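Those sequence lines, one after another, are chains A and B. What the first sequence shows, in the working numbering, is residues 1 to 462, in sequence order. What the second sequence shows, in the working numbering, is residues 1001 to 1362, in sequence order.
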Amino acid sequence: MSFSDLRFIFFFLPPFVLLHGIAPSRLRNTLLLVGSLGVYAFGAGLEAAAMLFALTLLNYLFARWMPEGDVVLRRAYLALGLLLDLGALFFLKYFNPVLAALGSALRRDYPLLRVAMPLGVSFYVFQMAAYLIDVCRGDTEAETNFIDFGAFVAAFPQLTMGPILRYGDLRGALKERKPGREDVEQGFMLFALGLSFKVLLADQLAYLWVVLERIGFDYISTPLAWLGAVGYSLQLYFDFYGYSLMATGLGRMLALPVARNFDEPYLARSVSEFYRRWHMTLGAWFRDYLYIPLGGSRHGTARTLLSLAVVWLLTGLWHGPTLNYLVWGGVLFVFIALEKLLLRRAFGRLRVLPHLYLLFVIVQTWVIFRIEDLPRLAAYFRRLYPFFGNADAINYGDFYKYLSSYWWLFAVGIFLCLPWPRRRYESSRGSALVWVPLFALFWLSVYFLSTGSGSAFLYFRF
Amino acid sequence: MKRSSPLVWLCAAAAAVLSAVSLWNPGGVYTDYIASLERGTPTIAAVFAAAQDGVYPWTPFTASEPVPQSPVYRPLNESVTDEEMRASIGESEPFAAPETPAPVPADFAAPEEPAEEAAEEPADEFVTVDESWFDDALFIGDSHTEGLCDYGILPNATYYYKRGVDVWSIMKKNVVGGKMTIPEALAQNRFGKIYIMLGINEIACGTTESFAGQYAAVVAQIRELQPDALIYIQAIFHTSQRKSDNSVFKNEVINERNEAISHIADGEHVFFIDCNAVFDDENGALTSSYTGDGVHVMAPYYPLWRDYLLQFGRSAVPAAKQEEPEPEPKPAVREIVKPGTASDGDARFLVPLRDVPTVAAR
């Protein structure tokens, strides 16, 4: 069940937070585990919940069975656990798409497996893999209490869309936490803010992309193509950032420290910096568990580039099983490598140019991210760069038409990407200047969700 | 630093109040809204959904118009006398643009041909016209009509469209420039022909009967406001095979509903035209290469819709009586045979077949 589901907001959250708050300390994790599995089963189905439970149990056992001192056996359990986790991920996420792609390439009809990818599997599998690696390395002790570990994996604030948490960071809070009135108040403010980012900004902006698909990528004017790319960049940010804020807020309501996932990424000055500020927990995962073990930047330029290439191609694949994600990861690798080799020095102390470079590049990489079908992706880029190809059936007034109906969403979105709205929020969290607007935004979001003007429902209105 | 914030408590209080209001349900204003909620959804949603329609707890309760349970095929020609009918045709012509090549209206005895003859000589009913035909035309509809407005290359027509509208909301929402409802706009302007394209948004709502009944009510209301205009009911467009298979937008339902709304036509003032033939593939679904989203045709295909409509100009004078030295090639006409309905050869079932222009070559 998504956080922007009215049933979640009004029927699950209030009683759960209340129960969790008044429950005796030793029962809180049981409550969290059971409640989270319940919500997950409700949204993703019983089979998915059963699989989550089984994977959690096995990871818990593998970590516990790792004996102190015996490196070989520790690594054997690690290998077994990773094989299980990543094998499940590959099987559920990539098997069918790969088979289908192979089938269409070879003009054969392979029977596809009747499995659906369970909600959030990419996130919780990475979380458990990190745990196993940490335990094997000795960075974290293996958890002996299954309830505590299960509550960590399944905790509903982060289960389906991250952030990808580390057990070591949460262990303290899992063992002993006292959610107080301030936690509930501050957590709910973040939740309301994240909800309005998602419902009022992202979901509204999303319709622009629906319109572009409807017109056909071949037939949009170049200004509209760029408007669409910027619009999608804002939509994706407020969707994911909003979700992460809701997760952090929900965590706070339960007195669980949910790591921050975004740090004003569009203010970055390079692609590599951007990805230290966007989906930070995923970037950190790849850094700690892949890039550094591969040698990081300590073994010369060639080795660094190789490590980066592996990391970015896998980052691409992590996001989805289609080819465009590989292209997306590859393009990011190229720019990050360019930055390492040339641009970092060239940009030096320039103030404006690096920002413009970053925005120019990132907006286009999101287009690659968005369009799964490569010929259609090519069509979109032909419109972004209209130097080739024909241009009939294009209504050159389209840009003004959509700009005039979307300009305020762009204005608000861009404004919120700047540094000072957040500073303002941080400095006056308790004041009416913050909670009065948030009260209005929360209920406006609920209005949008109630009237079908928000969420996925929107895309079914023609 | 002071960190307390009353937000969560205020929201909880507001939620409690709104829930209480929805459950208290003063005068039953929320009954329908609660009934249409997805199972398990908080009834607060009903309060907001009602507010969107301008319904509040203090709104005097008026029994909502009953959703017709059986088809209300209001045969419009039964409610008007022959004299009125003739008069209305005669008056519709002056709205045509002066440059319209359509012949000057003359003898009104002509349309009184027996229906059987009309079937044999269907060209009497429709003539191919040029684009000036649309000078006094109005298009009413949803996003399909928006596409026609943006890409149909028909700048001389008027368009009242709004994304997401359906037959139940089209006359109530501020469709015209976001400020006016269609009844308000129709009271101020006059049109020679009015084309309606509705039905895809509500495809999963109501029954075929309730949909067609409401559609007929919309047509009747438009007729009342613009008694001189010709009204064209356009068939709901098919969806692509994939969309039809994987969503509620099923072509079987669309066909069923098209059949139902075709009965609203009277062949005199109200016509039913089906443009699906232009865009369909061999399976009767929207050709997949024509569409980006499975529902709408992409930009370059809208002119085909316009071209199709051009074949349904109407002349007061039967074409057979005209002395046209070089008549334009008339579209082949087929009769859509619908069991028990089309046997009378009524003009409303006549649908020209047209070679689908190939756009792929572009």
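Here a beta-carbon is modelled for each residue, glycine too, at the ideal position from N, C-alpha and C. No experiment lies behind these values; they were computed from the predicted model shown.
In this structure, Ile1153 (chain B) sits away from Tyr1215 (chain B), with a CB-CB distance that is not shorter than 8 Å. Per DSSP, reduced to three states, the secondary structure at Ala284 (chain A) is helical. By the Cβ test, the stretch 178 to 190 of chain A is in contact with the stretch 235 to 254 of chain A, since at least three Cβ pairs between them sit closer than 8 Å.
With at least 16 other beta carbons inside 10 angstroms of its own, Pro265 (chain A) counts as buried.
Across the structure, Pro419 (chain A) and Arg298 (chain A) are spaced so that their CA atoms are roughly 34 Å apart. At a C-beta separation below 7 Å, Thr1041 (chain B) has these neighbours in chain A: Leu6, Arg7. Exposure of Glu1038 (chain B) is indicated by the presence of fewer than 16 other C-beta atoms within 10 angstroms of its C-beta.
Assignment of Gln1234 (chain B) by DSSP, reduced to helix, strand and coil, places it in the strand class. Between Tyr167 (chain A) and Phe152 (chain A), the C-beta gap is smaller than 8 Å, which places the two residues in contact. Rounded to the nearest whole angstrom, the C-alpha separation of Asp183 (chain A) and Ser427 (chain A) is 17 Å. Residue pairing from DSSP places Asp1280 (chain B) in a beta bridge opposite B:Leu1286. The alpha-carbon of Ile133 (chain A) is positioned some 21 Å away from that of Ala173 (chain A). Within the model, the alpha-carbon separation for Tyr325 (chain A) versus Ala1204 (chain B) is close to 35 Å.
Among the residues of chain A, those whose CB is under 7 Å from the CB of Met1298 (chain B) are Ile215, Gly216, Tyr219, following chain order. One thing to note: Ile1170 (chain B) has its Cβ no nearer than 8 Å to the Cβ of Leu1148 (chain B). At least 8 Å separates the beta-carbon of Leu449 (chain A) from that of Ser2 (chain A).
Under the 8 Å criterion on CB atoms, Gln1052 (chain B) is classed as interfacial with respect to chain A.
In the structure shown, Phe1139 (chain B) falls within a strand segment according to DSSP collapsed to helix, strand and coil. Any Cβ of chain A closer than 8 Å to the Cβ of Ile1182 (chain B) would place that residue at the interface, and such an atom is absent. Segment contact: the stretch 1210 to 1230 of chain B against the stretch 1167 to 1185 of chain B, three or more CB-CB distances shorter than 8 Å; contact assigned. The stretch 356 to 366 of chain A makes no contact with the stretch 191 to 203 of chain A; the number of CB pairs closer than 8 Å stays below 3. Within chain B, the residues placing a beta-carbon under 8 Å from that of Asp398 (chain A) are Asp1150, ordered along the chain. When Cβ-Cβ separations below 8 Å define contact, Ser1262 (chain B) makes no contact with chain A. Distance from the CA atom of Tyr1033 (chain B) to the CA atom of Tyr1161 (chain B), rounded to whole angstroms, is 25 Å. Taking a C-beta distance under 8 Å as the contact criterion, Val258 (chain A) and Pro179 (chain A) do not qualify as a contact pair. Chain A places a beta carbon closer than 8 Å to that of Arg1163 (chain B), counting this residue as a contact.
Between the C-alpha atoms of Thr301 (chain A) and Phe335 (chain A) there is a straight-line separation of about 15 Å. In this structure, Ile215 (chain A) and Ala1299 (chain B) form a Cβ contact; the two beta carbons are roughly 5 Å apart against a cut-off of 8 Å. Nearest C-alpha to Leu1230 (chain B) among B:Val1270, B:Thr1031, B:Ser1005: B:Val1270. Look at the beta carbons and you see the stretch 1183 to 1195 of chain B not touching the stretch 1236 to 1256 of chain B: under three pairs across the two are nearer than 8 Å. Listed in chain order, the alpha helix (DSSP H) runs fully inside the stretch 353 to 388 of chain A are 353 to 370, 374 to 384, counting runs of at least 4 residues. Any Cβ of chain B closer than 8 Å to the Cβ of Ser270 (chain A) would place that residue at the interface, and such an atom is absent. Separation of Ala44 (chain A) and Pro118 (chain A) (C-alpha to C-alpha, rounded to the nearest whole angstrom) is 7 Å. Remark: three or more beta-carbon pairs, one from each stretch, lie closer than 8 Å, so the stretch 56 to 71 of chain A and the stretch 124 to 139 of chain A are flagged as touching. One thing to note: Phe126 (chain A) has its Cβ no nearer than 8 Å to the Cβ of Trp278 (chain A).
Collapsing the DSSP output to three states places Met1197 (chain B) in a strand.
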